[in-house]
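First to last, the sequence lines map onto chains P and F.
Position 69 (the first sequence) corresponds to 69 in this note's numbering; numbering is contiguous.
Position 95 (the second sequence) corresponds to 1095 in this note's numbering; numbering is contiguous.
In this text, a Cβ means the ideal position worked out from N, Cα and C, and glycines have one as well.
Since the structure comes first, as structure tokens, the remarks are kept for the end.
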Amino acid sequence: GAGVSQSPSNKVTEKGKDVELRCDPISGHTALYWYRQSLGQGLEFLIYFQGNSAPDKSGLPSDRFSAERTGGSVSTLTIQRTQQEDSAVYLCASSLVGGGNQPQHFGDGTRLSIL
Amino acid sequence: GENVEQHPSTLSVQEGDSAVIKCTYSDSASNYFPWYKQELGKRPQLIIDIRSNVGEKKDQRIAVTLNKTAKHFSLHITETQPEDSAVYFCAPTESSNTGKLIFGQGTTLQVKP
């Protein structure tokens, strides 16, 4: 596609429910990143994929968070047993390759609200 | 890990004036230094970046300067316009070879007409 696509754009759910967030990167981009932006804050790194592998998961806040990537393309971020502190905008970015000096292009994000 | 600080946190200028935002980082092995612009409710948009083998880069009204010895880089916007009003983030990469960006806390720029 022309840009990074994320769905849903908004998600409201009750505390304790599981949620799945989807990211479709720019076609041909092998590196994919998930970040989280809490209200009025900067962006916080969550996880990095190179192809289908995740060599860096160091930003995942707890074991309730997991992510996968299939076919070197679409990625899903899953949050189990959601808590109110999980409320944030979850942003996905992709770059041509990983490794530290490639531009990352962001999607519009999923705004997650936990009631 | 990388520690990033950005100053000022807010900046108000008159249309036509220049704006400068500074970012300091701690990881001497960082090698990529982008600046993002984020308008309210929108995605972060890459506006300019610089790599560690270059000291300065310019794109029309926007420039970035890098001082690797002092571990800081700055965003310069000249002839500011109201549409430049947004939050600006610096985001140097951590030297882990993953490319993950470590974001500053952001600078809210307001350009008054």
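Cβ proximity to chain P below 7 Å picks out ASN1031, TYR1032 from the segment 1022-1033 of chain F. For the segment 1041-1052 of chain F, residues whose beta-carbon sits nearer than 7 Å to a beta-carbon of chain P comprise ARG1043, PRO1044, LEU1046, ASP1049, ARG1051. Bounds of the beta strand (DSSP E) holding P:ASP24 are 19-24.
Legend: CB atoms of the segment 90-104 of chain P lying less than 9 Å from CB atoms of chain F belong to residues LEU91, ALA93, SER95, VAL97, GLY98, GLY99, GLY100, ASN101, GLN102, PRO103, GLN104. The shortest C-alpha to C-alpha distance from P:LEU115 to any of P:LYS11, P:GLY42, P:ALA2, P:SER58 is the one to P:LYS11.
With a minimum length of 3 residues, the unbroken runs of beta strand (DSSP E) contained wholly in the segment 1062-1109 of chain F fall at 1062-1067, 1072-1077, 1086-1090.
Scanning P:LEU112, P:LYS57, P:LEU39, P:GLY107 for the CA closest to the CA of P:ASP24 turns up P:GLY107. Residue-level contact by beta carbon fails for F:SER1085 and chain P, as no gap is shorter than 9 Å. Just so you know, the alpha carbons of P:LYS15 and P:SER87 end up roughly 10 Å apart.
Going by beta carbons, F:PRO1092 and F:LYS1112 fall outside the 9 Å limit. The C-beta of P:GLU68 comes no closer than 9 Å to any C-beta of chain F. Look at F:GLN1006 here: in three-state DSSP terms it is strand. 9 Å or more divides the Cβ of P:THR70 from the Cβ of P:VAL19. When the five nearest sequence neighbours on each side are left out, the beta carbons in the same chain lying within less than 6 Å of the beta carbon of P:LEU21 are those of LEU77, TYR90, THR110, in order along the chain. By the CB criterion at 9 Å, F:GLN1038 and F:GLY1106 fall inside the cutoff. For P:LEU43 against F:PHE1103, the beta-carbon gap comes to about 4 Å, under 8 Å, which counts as contact. A distance below 6 Å between beta-carbons, with the five flanking residues on each side excluded, links P:ALA31 to the following residues of its chain, in chain order: GLN50, SER95, VAL97, GLY98.
Annotation: F:THR1078 to F:ARG1061 spans about 5 Å, alpha carbon to alpha carbon.
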